[in-house]
Amino acid sequence: MNLDFTDGLRDFQLEVRAFMHERLPSDLSTKVERCLKLDKDDYLRWQDILAEKGWLAYSWPEEYGGTGWTPAQCYIFQEEMGRANAPRLIAFGLKMVGPVIYTFGNETQKATYLPGIRNNRVWWCQGYSEPGAGSDLAGLQTRAVRDGEHYIVNGTKTWTTMAQWADMMFCLVRTDPDAKKQQGISFLLIDMKQPGIEVQPIVTIDGGREINTVYLGDVKVPVENRIGEENAGWTYAKFLLGHERSGIARIAASKARLAYLKDIARVHRVGGAVLAEDEEFMRAVARTEIELMALEYLELRALMSAEGGGAPGTEANMLKIRGTDIQQEISALLMRAMGYYAVPYVAEALEYGNNEESVGPEYAAALAPTYFNMRKASIYGGSNEIQRNIIAKMVLGL
Ligand SMILES: Cc1cc2nc3c(=O)[nH]c(=O)nc-3n(C[C@H](O)[C@H](O)[C@H](O)COP(=O)(O)OP(=O)(O)OC[C@H]3O[C@@H](n4cnc5c(N)ncnc54)[C@H](O)[C@@H]3O)c2cc1C
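Whatever position you read off the sequence shown (first residue = 1), add 7 for our numbering.
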């Protein structure tokens with residue numbers, strides 16, 4: 008396959024690179040590079056800059072206010088975002104519910120919800136998982152009962168990322184308890200300010216607050232907030248999962264993490280020599296880099312098929328598995344590089360601008376919390392075991 012960019016794409020790459028250089032605030036890129044805490048305002052600030060340029064909904068078709076970029080242009084944009092250490096774009100609106108709305112929503116829904124996503128005005132969260140319905144998502148129990156022009160929703164959603172900041176939640180609910188489980192589900196858009204919604208934090212292993220349990224008690228949701236047909240929600244849910252999974256590999260971000268690791272290895276001294284002279288350590292780095300390059304070729308292959316009009320198939324599952332394995336490997340190498348300096352847990356050291364004296368080098372503080380936090384990557388978006396099951400069924404016919 009020919010992976011050379013055309014002259015037009017090279018110019019585009021330079022344009023995006025220059026934009027990142029000029030407009031990405033340096034405190035944000037430092038936070039991303041050092042794995043420091045990003046808060047809601049950080050994400051919004053960067054997304055506002057992109058929205059103003061018209062690049063926030065970069066993967067959307069032009070008719071819905073997107074850039075209309077080709078898959079190759081989207082790839083370059085993601086590459087340059089990773090290279091520049093830009094904050095990741097919050098996917099719930101842009102990559103998940105946005106495409107569902109412009110593909111399956113009615114005209115009123117498109118006009119109501121798409122501008123808020125592409126202009127960075129409305130923060131969405133994903134209400135899929137429940138206690139007892141994660142891998143077996145179709146077993147979800149949250150009930151929506153029709154009452155005139157409303158549904159009354161009762162149930163519990165869990166692991167809901169950033170729900171504490173969300174204005175809206177897209178939510179899978181059971182509308183027909185008697186149908187086969189995939190057939191009795193509907194897809195609702197729920198205003199998080201509705202009475203009856205309670206968001207409770209789940210503190211993660213690194214001490215962070217990014218996930219929540221969301222309790223829904225007699226929440227009134229207008230019927231007009233249902234996407235598509237009643238009881239056909241599983242179709243839209245699966246479409247959304249395909250988009251979610253292909254975005255999780257984050258290859259460009261892993262390349263930036265590896266570059267950061269090599270920078271550290273060049274200056275960090277262990278036993279009198281810099282780490283870059285430790286052959287065993289550098290062999291492990293090289294192995295991970297080779298795996299990342301192989302994954303990048305898989306992504307490029309998927310890209311070429313998308314350029315030819317193909318839909319993402321099991322590549323999305325493969326990218327999810329290998330992309331998250333590599334993210335975890337890099338986080339383990341970074342922690343290994345720091346040795347015992349990675350051990351002290353100082354919550355303030357995860358804040359940008361902290362000027363307390365650090366225990367080891369200042370780049371050490373966030374590496375252990377990041378390593379522990381990254382355990383999530385092989386679970387969310389559908390666990391890697393489940394992705395392997397899908398490949399076994401779809402590709403190997405087992
Ligand atoms: C940090 C984080 C953020 C998340 N954010 C969201 C969110 O915003 N919105 C949302 O809806 N959900 C979210 N999730 C939920 C996520 O999608 C689920 O955790 C995931 O699908 C696994 O479901 P579960 O936790 O119920 O585990 P279970 O399904 O109980 O699985 C437990 C273990 O058993 C394994 N297992 C289960 N079934 C099989 C099988 N058939 N074959 C082989 N192994 C199996 C799994 O791989 C896993 O290791 C998030 C999860 C995490 C960790």
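The beta carbon of each residue, even a glycine, is placed where N, CA and C say it ideally should be. Quick caveat: nothing in here was measured; it's all calculated off a predicted structure.
Item	Value
Whole-Å CB distance - residue 326 paired with residue 296, under 8 Å assumed	Not quite, the Cβ-Cβ distance comes to about 17 Å (not below 8 Å), so this is no contact.
Residues near residue 193 in its chain [Cβ-Cβ closer than 7 Å; skip 5 each side]	151, 180, 182, 233, 237, 238 and 240
Residues that DSSP places opposite residue 134 in a beta bridge	178
Spatial distance of residue 394 from residue 280 (CA atoms)	42 Å
Cutoff 6 Å; reference residue 166; Cβ partners in own chain excluding five residues on either side	136 and 218
Complete alpha helix (DSSP H) runs within the stretch 335 to 389 (minimum length 4 residues, chain order)	374 to 380
Segment contact, 8 Å Cβ cut-off, at least three pairs: the stretch 243 to 257 with the stretch 102 to 109	yes
Residues of its chain near residue 158, where Cβ-Cβ distance is below 6 Å and the 5 sequence neighbours each way are ignored	151 and 228
Nonlocal neighbours in the same chain, by C-beta distance under 6 Å from residue 197, ignoring five residues either side	176, 178 and 228
Check whether residue 222 and residue 204 have beta carbons under 9 Å apart	yes
CA-to-CA distance, residue 312 to residue 189, given in whole angstroms	30 Å
Residue 255, buried or exposed, once every other Cβ within 10 Å from all chains shown has been counted against 16	buried
Residue 261 beta carbon less than 9 Å from that of residue 328	no
Span separating the alpha-carbon of residue 382 from that of residue 216	15 Å
Assigned secondary structure, residue 189 (DSSP; H/G/I helix, E/B strand, else coil)	helix
Best match in 358, 339 and 352 for proximity to residue 378 [C-alpha to C-alpha]	339
Rounded separation between residue 63 and residue 96 - CA only	8 Å
C-alpha gap between residue 364 and residue 173, whole angstroms	36 Å
Alpha-carbon spacing of residue 186 relative to residue 145, whole angstroms	12 Å
Reference residue 94, options 293, 278, 171 and 45, closest by Cα	45
Min CB distance residue 184 to chain C below 9 Å	Looking at the structure shown, chain C is missing, and only one protein chain is on hand.
Residue 74 versus residue 282 - alpha carbon distance	44 Å
Near ligand 1: residue 338 beta-carbon under 8 Å from a heavy atom	no
Test item: CB-CB of residue 367 and residue 351 under 9 Å	yes
heavy atom of ligand 1 below 8 Å from residue 133 C-beta	yes
Beta-carbon proximity of residue 288 to residue 263, cut-off 9 Å	no
Per-residue DSSP class, three states only, for residue 162	strand
Beta strand (DSSP E) segment containing residue 204, residue limits	204 to 210
Buried/exposed call for residue 257, threshold 16 Cβ in 10 Å	buried
Heavy atom of ligand 3 within 8 Å of residue 387 beta-carbon	This structure lacks ligand 3; the ligands present are ligand 1.
Closer than 8 Å: residue 253 CB and nearest ligand 1 heavy atom	no
Contact check, residue 414 vs residue 16, beta carbons under 9 Å	No answer is possible for residue 414: it lies beyond the span of the chain, which begins at 8 and ends at 405.
Residue 298: first and last residue of the uninterrupted alpha helix (DSSP H) it sits in	286 to 314
CB of residue 349 within 9 Å of CB of residue 41, strictly	no
DSSP three-state assignment for residue 143, whether helix, strand or coil	coil
Sub-9 Å separation of residue 72 and residue 125 beta-carbons	yes
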